[in-house]
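These protein sequence lines map, in sequence, to chains A and B.
Using our numbering, the letters of the first sequence map in sequence onto residues 8 to 508.
Using our numbering, the letters of the second sequence map in sequence onto residues 8 to 508.
Where is the CB? At the ideal position from N, CA and C, for every residue including glycine.
Keep in mind the model is a prediction, meaning the values are calculated, not measured.
For reference, the structure discussed in these notes is given below.
Number of protein chains: 2
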Amino acid sequence: MTAYAALERLFARLRALGDAAGILGWDAQTLMPTGAAAGRAEQLATLRGLSHELLVAPSTADLLAEAESGAASLDAWQAANLREMRRAHAHASAVPGDLVEAESKASSAAEMAWREARAASDFAILKPHLEDVLRFAREVGRAKGQALGLAPYDALLDQYDPGLRRARIDPMFDALRTELPDLIRAARERQARDGAPPPVAGAFPVAAQRAVGEALMRTLGFDFERGRLDTSLHPFCGGATGDVRITTRYAAGDFTRSLMGVLHETGHALYEQGRPAAWLTQPVGDARGMTLHESQSLLMEMQACRTPEFMRHLAPVLAGAFGADGAALDPDTLQRIYTHVAPGFIRVDADECTYPAHILLRYDLERAMVDGDLAVADLPGAFDAGMKDLLGLVVPDDAHGCLQDIHWPGGAFGYFPTYTLGAVAAAQLFEAATAAEPGIRPGLAEGDFRPLLGWLRANVHAKGSSGSTDEIMEAATGRPLGIDSYRAHLRRRYLGEGVAA
Amino acid sequence: MTAYAALERLFARLRALGDAAGILGWDAQTLMPTGAAAGRAEQLATLRGLSHELLVAPSTADLLAEAESGAASLDAWQAANLREMRRAHAHASAVPGDLVEAESKASSAAEMAWREARAASDFAILKPHLEDVLRFAREVGRAKGQALGLAPYDALLDQYDPGLRRARIDPMFDALRTELPDLIRAARERQARDGAPPPVAGAFPVAAQRAVGEALMRTLGFDFERGRLDTSLHPFCGGATGDVRITTRYAAGDFTRSLMGVLHETGHALYEQGRPAAWLTQPVGDARGMTLHESQSLLMEMQACRTPEFMRHLAPVLAGAFGADGAALDPDTLQRIYTHVAPGFIRVDADECTYPAHILLRYDLERAMVDGDLAVADLPGAFDAGMKDLLGLVVPDDAHGCLQDIHWPGGAFGYFPTYTLGAVAAAQLFEAATAAEPGIRPGLAEGDFRPLLGWLRANVHAKGSSGSTDEIMEAATGRPLGIDSYRAHLRRRYLGEGVAA
Chain A
8 MTAYAALERL FARLRALGDA AGILGWDAQT LMPTGAAAGR AEQLATLRGL SHELLVAPST
68 ADLLAEAESG AASLDAWQAA NLREMRRAHA HASAVPGDLV EAESKASSAA EMAWREARAA
128 SDFAILKPHL EDVLRFAREV GRAKGQALGL APYDALLDQY DPGLRRARID PMFDALRTEL
188 PDLIRAARER QARDGAPPPV AGAFPVAAQR AVGEALMRTL GFDFERGRLD TSLHPFCGGA
248 TGDVRITTRY AAGDFTRSLM GVLHETGHAL YEQGRPAAWL TQPVGDARGM TLHESQSLLM
308 EMQACRTPEF MRHLAPVLAG AFGADGAALD PDTLQRIYTH VAPGFIRVDA DECTYPAHIL
368 LRYDLERAMV DGDLAVADLP GAFDAGMKDL LGLVVPDDAH GCLQDIHWPG GAFGYFPTYT
428 LGAVAAAQLF EAATAAEPGI RPGLAEGDFR PLLGWLRANV HAKGSSGSTD EIMEAATGRP
488 LGIDSYRAHL RRRYLGEGVA A
Chain B
8 MTAYAALERL FARLRALGDA AGILGWDAQT LMPTGAAAGR AEQLATLRGL SHELLVAPST
68 ADLLAEAESG AASLDAWQAA NLREMRRAHA HASAVPGDLV EAESKASSAA EMAWREARAA
128 SDFAILKPHL EDVLRFAREV GRAKGQALGL APYDALLDQY DPGLRRARID PMFDALRTEL
188 PDLIRAARER QARDGAPPPV AGAFPVAAQR AVGEALMRTL GFDFERGRLD TSLHPFCGGA
248 TGDVRITTRY AAGDFTRSLM GVLHETGHAL YEQGRPAAWL TQPVGDARGM TLHESQSLLM
308 EMQACRTPEF MRHLAPVLAG AFGADGAALD PDTLQRIYTH VAPGFIRVDA DECTYPAHIL
368 LRYDLERAMV DGDLAVADLP GAFDAGMKDL LGLVVPDDAH GCLQDIHWPG GAFGYFPTYT
428 LGAVAAAQLF EAATAAEPGI RPGLAEGDFR PLLGWLRANV HAKGSSGSTD EIMEAATGRP
488 LGIDSYRAHL RRRYLGEGVA A
């Protein structure tokens, strides 16, 4: 067996372990009895520990070196696969095992403290834990940065989005920082003239909501032979290769958020279900990174499923499922509900227009923390000042401020920017897709997503990790990731620019 | 760290991997989308392969030898734990890795062929696969027998029930073979005088059946903080340490089998939930073996929950859940339904009285196959002859004969006897329990299982694998496993012997 073939076997094994962890993680958030949490943590830690041991074993380094020396005989996908193997190995071996363990334990403790702190809106409960987590994250950033030749924050970014760098983000986020306040103000003035959309009211039984969600998942192209829809406190897309499981949560008095959440997670799931079939067990068969992953969820949720076209498909579906309460929601009303702009404190509740402000703030703060320019003790004040600055809101307490997200307590520094970069990519991809495939927009009104999904499959999903995010974007849209399409999309949808009256 | 302590760490890791596999196996039978089967098989094979590698690693043998040389410093539980570690290692290391893999693949292929063969009632479809599986099972039996100093069939038995030997089984099964036909005939004549119990008829909505099942699980003592009840095609008790999951299946027109299935699996689950808390991650904390495991399910299902006392508790529960259809079933009718004797072709549908005949037949056949005295080609004929002999039934086709069970295609030779040994142990334990705790029988009528569960916890569950099956039986009942109590139980329940008129 060649060194490369031996590596393929090793990584298939790692994939199987990762998939096992994926199902166990899904179960923990959906069905697991409460008393089983400690045992499940042990199972997941064991799987992760074994995976790490296999990946950083001396034999793996030897195989990588040998395979790289014989790389001339590999085809393009194999060569890309080998690059991704090297990348995974570099990340894993850059950090000493005891630091991995210490960081993992600190994050677990901080997540538990965070739940308590948020419930009590008491930052002091979280503070010492977050200080630990930040210290370890900075150490990890330094260690990986040294190994990869990157600045610490770039090394952290690279964990979630291979190749993503601060220098790539800053120009886009700087432009947004300049333009966003005016856009939000103008959008709100325009909507104020029309008045607020009517409140959604009625009885929307959970079983009917679920049926609508499943029906729309099928409409979008979700394959239920290789996935499920379930319920969890925090919606997510998880599971395993060939077994992609999304979740939502239901409120019997208002289906709107739950339903859009299903469409969002379905976008993630379609990416997973569309990964290149021949490479499913290999790193090159992975989704490229969190920017493109979020682009797929937001392309479905924001670009495709908040269009007037889709509302024409959605309205009769809702009328069929919810009777008179559903029929009250005509396409125009649905569109107004689903594009209503209203600044608020909570990121996950934010509308499309104000959402980037939440990310800009977190990006600034986490860079400053990683760079050592912002102490954890000063986080609440800095957070609140940023909210005032960006959205004009006075944060009433830390639960509505810097305690709202689990990311930092969980150790995920470098993740937040991918939300808005995903929105940016979604706009660029949807623009290119609709230009290339004239059947896409009319299809949305007919509940025919095949033209859209076909384009995404060919131009994004089936690419796996064979190229960088920018290479995939450029091949799909003619240019690397940039904010022009996103800016145009927001101005069109919220200011009416470039739309025929 | 001492060698013993290092072994505890290793076995805790193996337990975590086994628990992960337990949840993944549960998921595969309850929720997994059909297209995910191949990926799941890969995940499970990877977990098993890694566990096997860790267990048979040279360092493990070194640690065992070192720990055994220092065993004088261990307390009784640690010493028993070390014995169990050695046992696990001996079983695992006796079989070369390629044989493990070959056997596993042959079993997977045979299980798939079996589904097809059973559906078509065509033994020819299974035959070549079963020949492969049997060949590998015989090889495994020889290899383990050599390593453990046992005959091949004893080595196979030992996999499922440590310490169980053919010489221990034969006297009990020989007696049953002699007595059972007369017992069945006499029981049927006695029941014929009373006429058949009325057919169960009515509407028994699945949701209500599920609620009854959960309520009775709580009554028996099941802890829903550490377990679940779900639905699967084939009922089972699975899951993980501290996360014990049982399943049943429902028929809307007849709740009786499903409900008794829940009580059976609850018996298994209570054993798992009652394992010694301080040793949950260690081999000595395991349930002792399949005989005692089945004894716990059958003690609940057959001994406790088919008594006249329990029927007095059950009848009003059913009336509350199913209205008039439930109220039609008074305690006496329920008791007649649940103790009705009727020979049939299918083992899993058999009543308590005829069930052992199915096991005696399988025991004879599998010993003969393992010993090389019965060729797979001759299995159908031998099976049918045995059914005629033991139950007087003419098997109409192989689906109702030798194709009905998955055990042999799955490679489980040496498992069947534990079903009847479990019934034997259940009778002996229940007799001892009710003699020791006068509150047990009245408790059954009140839905108060605490006296019974308390006795089982102390005398069986909390013993884990600290002693052999016979040691646990002797400590609990005053004598090793034997059929006296079982015989007396059957004669009492089905012939009315020793029961006040």
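Cutting at 8 Å between CB atoms, please list the residues of its own chain near residue i, excluding the five before and the five after it.
i	result
E272 (chain B)	P242, F243, C244, I253, T254, T255 and S304
R93 (chain A)	L71 and E75
A68 (chain A)	H96 and S100
M39 (chain A)	R47
A508 (chain B)	Residue confidence is low: A508 (chain B) scores 49 on pLDDT, short of 50, so the model does not pin down where it sits. No coordinate-derived value is stated.
L502 (chain B)	L190, A193, A194 and R197
F352 (chain B)	M394, L400, V402, P403, H407, G408 and Q411
A23 (chain B)	T288
Among the options, whose alpha-carbon lies nearest the alpha-carbon of residue i?
i	options	result
G474 (chain A)	A:V140, A:L277, A:A259 and A:L299	A:L299
E438 (chain B)	B:Y370, B:K395, B:T340 and B:I490	B:I490
M376 (chain B)	B:L236, B:P159, B:A79 and B:A13	B:P159
L270 (chain B)	B:L436, B:F229 and B:P290	B:F229
G258 (chain A)	A:H275, A:G274, A:T248 and A:T238	One point to set straight first is that residue 258 (chain A) is Ala, not Gly, in the sequence displayed. The shortest C-alpha separation from A258 (chain A) is found at A:T238.
A582 (chain B)	B:Q310, B:L306, B:Y501 and B:R343	Because chain B spans 8 through 508 in this model, residue 582 (chain B) falls outside it and cannot be assessed.
P103 (chain A)	A:F143, A:V348 and A:A87	A:F143
T340 (chain B)	B:G505, B:Q198 and B:A215	B:Q198
G388 (chain B)	B:L164, B:G379 and B:V402	B:V402
S80 (chain A)	A:I30, A:E118 and A:Y11	A:Y11
G461 (chain A)	A:R149, A:W33, A:E221 and A:Q280	A:Q280
A326 (chain B)	B:Y345, B:P350, B:F262 and B:A357	B:F262
Q166 (chain A)	A:R295, A:P65, A:G25 and A:D356	A:R295
M309 (chain A)	A:R264, A:E478 and A:E138	A:R264
T427 (chain A)	A:A182, A:A52 and A:A64	A:A182
E301 (chain A)	A:R313, A:C312, A:Y278 and A:T314	A:Y278
A443 (chain B)	B:M307, B:L459 and B:G429	B:L459
G152 (chain B)	B:P135, B:P445, B:R172 and B:E138	B:R172
Less than 8 Å between the CB atoms is what I'm expecting for residue i and residue j, so what's the real figure, rounded?
i	j	result
A419 (chain A)	H496 (chain A)	Not quite, the Cβ-Cβ distance comes to about 27 Å (not below 8 Å), so this is no contact.
F423 (chain A)	C409 (chain A)	Between C409 (chain A) and F423 (chain A) the Cβ distance is about 13 Å, and since that is not below 8 Å, they are no contact.
T476 (chain A)	G170 (chain A)	6 Å
W84 (chain B)	W286 (chain B)	7 Å
T549 (chain A)	F18 (chain A)	Only positions 8 to 508 of chain A appear in the structure, and residue 549 (chain A) is not among them; the question remains open.
G249 (chain A)	A276 (chain A)	Going by Cβ atoms, the distance from G249 (chain A) to A276 (chain A) rounds to 12 Å, so no, they are not a contact pair.
Only counting the same chain, and skipping five residues up and downstream in sequence, which positions put a Cβ closer than 7 Å to that of residue i?
i	result
A97 (chain A)	A154 and L155
P283 (chain B)	G292, A469 and G471
R195 (chain A)	V348
R184 (chain A)	L367
A43 (chain B)	none
L141 (chain B)	M376 and V383
A364 (chain A)	L187, L397 and L398
A27 (chain B)	L54
T484 (chain B)	Q435, L436 and A439
Can you check DSSP and say which residues form a bridge with residue i?
i	result
A528 (chain A)	This structure leaves residue 528 (chain A) out entirely; chain A is present only between 8 and 508.
R235 (chain B)	B:R252
Suppose the cutoff is 6 Å on Cβ atoms and the five residues either side in sequence are ignored; what does the same chain contact list for residue i look like?
i	result
A392 (chain A)	none
R452 (chain B)	The sequence as given places Ala at residue 452 (chain B); Arg does not occur at that position. Counting only Cβ-Cβ distances below 6 Å, and skipping sequence neighbours, we find E316, R319 and H320.
R374 (chain A)	Y160
L133 (chain B)	A120, W121 and A124
A13 (chain A)	L70
G268 (chain B)	P242 and T255
A328 (chain B)	A215 and V219
- prompt: Just checking, does the region 207-216 of chain B make contact with the region 332-349 of chain B on the three C-beta pairs under 8 Å criterion?
  reply: Touching, yes, given that three or more Cβ pairs across the two stretches are closer than 8 Å.
- prompt: Quick one: any contact between the region 109-119 of chain B and the region 58-71 of chain B, if contact means 3 or more CB pairs under 8 Å?
  reply: Flag = no, the region 109-119 of chain B and the region 58-71 of chain B do not touch.
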